[in-house]
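Worksheet: one structure, shown below.
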Amino acid sequence: MARITNTAPLVDQLGRRHTSLRISVTDRCNIRCFYCMPNENVQFRPRHEILTFEEITRFASVVSQMGVRRLRLTGGEPLVRHDLPRLVRMLAELPNIDDLALTTNGILLADQAAELRSAGLERINISLDTLQEETFQKISRREGLDRVLAGIAAAQEVGFRQIRLNAIAIQGLTETEIVPLVRFARERGLELRFIEYMPLDAELKWQSGDVLDGAKIRRIVEMEFGPLVPVPPLHPSQPANDFEFADGSGRLGLIQPVSNPFCESCDRLRLTAEGQVRNCLFSTAEWDARAILRRAVRRRAGSSPTPADDDDLANLVRACVRAKAPAHGIGTIEFTRPERAMYQIGG
Ligand code: SAM
Ligand code: SF4
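Residue numbers for the sequence shown follow numbering that gives the first Met the number 0, beginning at 0 and rising by one.
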């Protein structure tokens with residue numbers, strides 16, 4: 000990979016240093032969660048617009064020279080992307096990356112866990128909002144809870160460094176899921192995080208009253224399991240407030256982007272599946288990395304990209320970081336929803 004000229008860290012106007020990149024590998028998915036995608040007639044990006052593994056790796060290599068150390072693959076559903084372990088292997092070989100993780104809905108995980116692990120994937124987040132098939136279908140509008148549970152079991156068998164369960168909490172729908180999910184996670188020695196529902200659904204139905212907030216979740220958990228004890232974060236910029244149970248068994252995280260935003264410690268950048276750089280989930284602007292990634296190929300078909308092109312990519316990312324807003328502003332009158340829904344950005 001070519002070296003870039005200016006390797007200064009990616010620091011924005013508020014002094015936030017960017018060390019983490021979320022890479023969406025596809026906007027496609029095998030289920031249709033109402034908080035993320037439309038149920039029908041989804042307009043996916045044409046395949047030729049989606050970045051190749053080589054393009055993704057080149058982008059990751061450039062930002063890794065400016066201090067990005069942590070990568071997370073997401074989507075859409077990353078496991079529907081053909082031959083994903085090949086990308087994992089390519090990213091795992093980058094010299095400056097010391098954390099490689101993935102977020103999945105788990106449906107295809109039983110088939111792929113072993114190969115992903117041996118390709119170099121270290122950590123995995125599996126989304127699990129409910130333990131009841133009926134509620135699973137209400138949320139995802141498809142069948143498949145049994146496959147998700149099989150995926151979790153397979154992940155445990157192959158032994159990732161960390162497996163975490165992520166549950167979206169929705170007022171009026173998942174209150175009764177909280178205690179069973181906590182019990183499920185504790186019995187299996189898995190970390191669990193509850194995440195507040197954000198205004199990123201494709202059908203534009205989100206309302207503030209749909210958010211089951213962290214304080215309510217905590218009350219429900221404490222009624223069953225006793226007082227939760229706040230513990231220091233595992234990573235300084237992590238979005239979750241972490242707790243231990245009073246009996247010392249298990250760890251629980253609350254991610255509260257709506258009721259308790261963590262924007263002041265945000266260290267994340269995002270790359271969409273079709274190569275747009277974003278400085279926030281709620282950003283209304285994007286920076287076109289694909290144009291630069293593909294420009295070199297057009298200029299000299301078949302030749303390697305030149306260092307000057309990688310400097311252009313680096314400058315684009317710097318401009319994106321410089322333009323980062325102080326906060327997403329959900330709940331304020333200035334807040335504008337991004338045009339894209341979660342599956343089009345990469346969660
Ligand atoms: N398909 C994979 C999955 O579901 O785990 C990865 C992509 S998904 C967009 C990443 C995460 O975003 C999932 O944990 C999902 O539950 C969460 N998510 C999706 N829509 C959301 C919303 N509107 N508010 C909060 N979290 C959301
Ligand atoms: Fe698919 Fe994940 Fe979005 Fe659900 S949250 S529709 S699994 S991309």
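Cβ coordinates follow ideal geometry from the N, Cα and C atoms, glycine included.
DSSP-derived helix/strand/coil call for Q161: strand
DSSP three-state assignment for I347, whether helix, strand or coil: Here the chain has residues from 0 to 346 only, and residue 347 is not among them.
Selected residue, minimal CA-CA separation from V67, among I329, R269, L148 and S248: R269
DSSP three-state assignment for F242, whether helix, strand or coil: strand
Identified DSSP bridge partners for N124: T102 and R163
Beta strand (DSSP E) segment containing L315, residue limits: Element bounds for L315: not the beta strand (DSSP E) but the alpha helix (DSSP H), P306 to R321.
Cβ pair L120, I162 closer than 8 Å: no
Sheet register partners of D110 (DSSP bridge): Per DSSP, none; premise fails for D110.
Whole-Å CB distance - I167 paired with N104, under 8 Å assumed: Their Cβ separation, rounded to whole angstroms, is 11 Å, which puts I167 and N104 out of contact at 8 Å.
Rounded distance between the beta-carbons of L72 and L101, thought under 8 Å: 4 Å
Which listed residue (Q136, I138, S117 and I151) has its alpha carbon closest to that of N124: I151
8 Å contact criterion, which R122 and R146 should meet: CB distance rounded: In fact, because the Cβ distance is near 21 Å, the residues do not count as touching under 8 Å.
Rounded Cβ spacing between V87 and A118 (contact assumed at less than 8 Å): The C-beta separation of V87 from A118 comes to about 4 Å, placing the pair in contact by the 8 Å criterion.
Alpha carbon of I55 to alpha carbon of L93, nearest angstrom: 12 Å
Inter-residue Cα distance where the pair is G158 and R116: 8 Å
Secondary structure of A324, DSSP reduced to three states: coil
Reduced DSSP secondary structure (H/G/I, E/B, other) of A149: helix
Coarse secondary structure for G249, derived from DSSP in three states: Here G249 sits in coil by DSSP.
V24 and P77 closer than 8 Å at C-beta: yes
Cα-Cα separation, S60 to V178: 42 Å
Check: C319 C-beta below 7 Å from any heavy atom of the ligand SF4: No - the ligand SF4 has no heavy atom lying nearer than 7 Å to the Cβ of C319.
heavy atom of the ligand SAM below 7 Å from S126 C-beta: For S126, the distance from the CB to the nearest heavy atom of the ligand SAM is below 7 Å.
Counterpart residues of I194 in DSSP-defined beta bridges: I167 and I254
Reduced DSSP category for Q131 - H, G, I as helix; E, B as strand; rest coil: In the structure shown, Q131 adopts coil according to DSSP, grouped into three states.
Limits of the beta strand (DSSP E) - the one that I86 falls within: Per the sequence presented here, residue 86 reads as Leu, with Ile not at that position. L86 -> not in any beta strand (DSSP E); alpha helix (DSSP H) instead, spanning L83 to A91.
Residue of D310, G330 and P325 minimising C-alpha distance to N5: The shortest C-alpha separation from N5 is found at D310.
First through last residue of the beta strand (DSSP E) which encompasses Q206: According to the DSSP assignment, Q206 belongs to no beta strand (DSSP E), since it is labelled neither H nor E.
For A217, the first and last residue of its enclosing alpha helix (DSSP H): At residue 217 the sequence reads Arg, which differs from the Ala that was named. G213 to F224 is the span of the alpha helix (DSSP H), which, as asked, contains R217.
Residue interval of the alpha helix (DSSP H) (run including V10): No alpha helix (DSSP H) contains V10, which DSSP labels as neither H nor E.
Check whether V320 and D11 have beta carbons under 8 Å apart: In this structure, V320 lies near D11, with their beta-carbon atoms less than 8 Å apart.
Beta-carbon gap between F183 and L130 smaller than 8 Å: yes
Cβ-based burial, E195 [other Cβ within 10 Å; buried from 16]: Around the Cβ of E195, a 10 Å sphere holds 16 or more other Cβ atoms; the residue is buried.
Range of the contiguous beta strand (DSSP E) that encloses V228: Counting along the chain, the beta strand (DSSP E) containing V228 begins and ends at L227 to V230.
L199 beta carbon near the ligand SAM (any heavy atom closer than 7 Å): yes
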